[in-house]
Amino acid sequence: MIRLTMTAGLAACVLGLSACNEGKLETGAPVAGGATAVAPLRTSAGADVGRATATEVNGGLRLTVDVKSMPPGTHGAHVHTTGRCDAPGFETAGGHWNPTEMKHGTMNPQGPHFGDVPNLIVDSGGRGTVAATVPGATMAGLLDADGAAFVVHAGPDDLKTDPSGNSGGRIACGVFQPS
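Following this line, the structure appears as structure tokens:
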């Protein structure tokens, strides 16, 4: 009898939660007609090495990065606050996109900020892909008056050290443009 009561109670809870979500999209669900911005990634020598794409999704932005002809290994990858990519060091891209003033990194108890993206792992053929959803981020915030850039760093991001995860120099950069 107790087991039957617990099972019935659990079923009622599940149905109740389902009813609460009816008609509501989970964060990250595609949005019909959602805006997209693309950042073509280039090295300091101007070589095309891929692209970063930001797409509006329910409750945030979905960032997808696809690279080619990059050095194999693990690389920090971040959205930076300014839409400039002046070679050779791409310092004009500024710091990481951080409108909420959080600390850097998903392993930092005071983070992450909007610019944090998981490490990009590039295979021995120079190809790599990474994707993440940034809850709360908006296309209007990304494409504000000074724009935003996407930067790939030389080394791995430790996912906790402020302000950049000790990910090293900037080896590729692209400015987001609406598409």
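Counting with mature numbering (1 follows the signal peptide of the UniProt record, and there is no 0), you get residues -19 to -1, 1 to 160 for the letters of the sequence shown.
For every residue, glycine included, the Cβ atom is placed at its ideal position computed from N, Cα and C.
Alpha carbon to alpha carbon, how far is Gly15 from Leu42? In the sequence shown, residue 15 corresponds to position 34, counting from 1. In the sequence shown, residue 42 corresponds to position 61, counting from 1. The straight-line gap from Cα to Cα measures roughly 10 Å.
Start-to-end residues for the beta strand (DSSP E) that takes in Leu44: Taking the first residue of the sequence shown as position 1, residue 44 is located at position 63. Per DSSP, Leu44 belongs to the beta strand (DSSP E) from Gly41 to Val48.
Quick check for students: name the residue ranges of the beta strand (DSSP E) that lie wholly in the segment 16 to 87, counting only runs of 3 or more. 17 to 23, 29 to 38, 41 to 48 and 54 to 61
Can you tell me whether Val103 sits near the ligand GTP, meaning its C-beta is under 8 Å from at least one heavy atom of the ligand? The model depicted lacks the ligand GTP and carries no ligand whatsoever.
Where Thr110 falls, given that 16 or more other Cβ within 10 Å makes a residue buried: Here residue 110 is taken as the residue at index 129 of the sequence shown, counted from 1. When all chains shown are included, Thr110 counts as exposed.
Would you kindly check if the distance between the Cβ of Val132 and the Cβ of Ala112 is under 9 Å? Locating residue 112 in the sequence shown gives position 131, where the first residue counts as 1. Locating residue 132 in the sequence shown gives position 151, where the first residue counts as 1. No. Outside cutoff.
Beta-carbon within less than 6 Å of Val48's beta-carbon, same chain only, minus the 5 sequence neighbours each way: which residues are those? Here residue 48 corresponds to residue number 67 of the sequence shown, with the count starting at 1. Only Val30, Gly31 and Gly109 meet the Cβ criterion.
For Gly122, which of helix, strand or coil comes out of DSSP? Along the sequence shown, read from residue 1 onward, the residue named residue 122 stands at position 141. Looking at Gly122 - three-state DSSP - the assignment turns out to be helix.
Starting from the C-beta of Thr63, find all residues in its chain whose C-beta is less than 8 Å away, skip the five residues before and the five after it, and write them out in chain order. In the sequence shown, counting from the first residue as 1, residue 63 sits at position 82. Thr73, Ala74, Gly75, Asp127, Gly128, Ala129 and Ala130.
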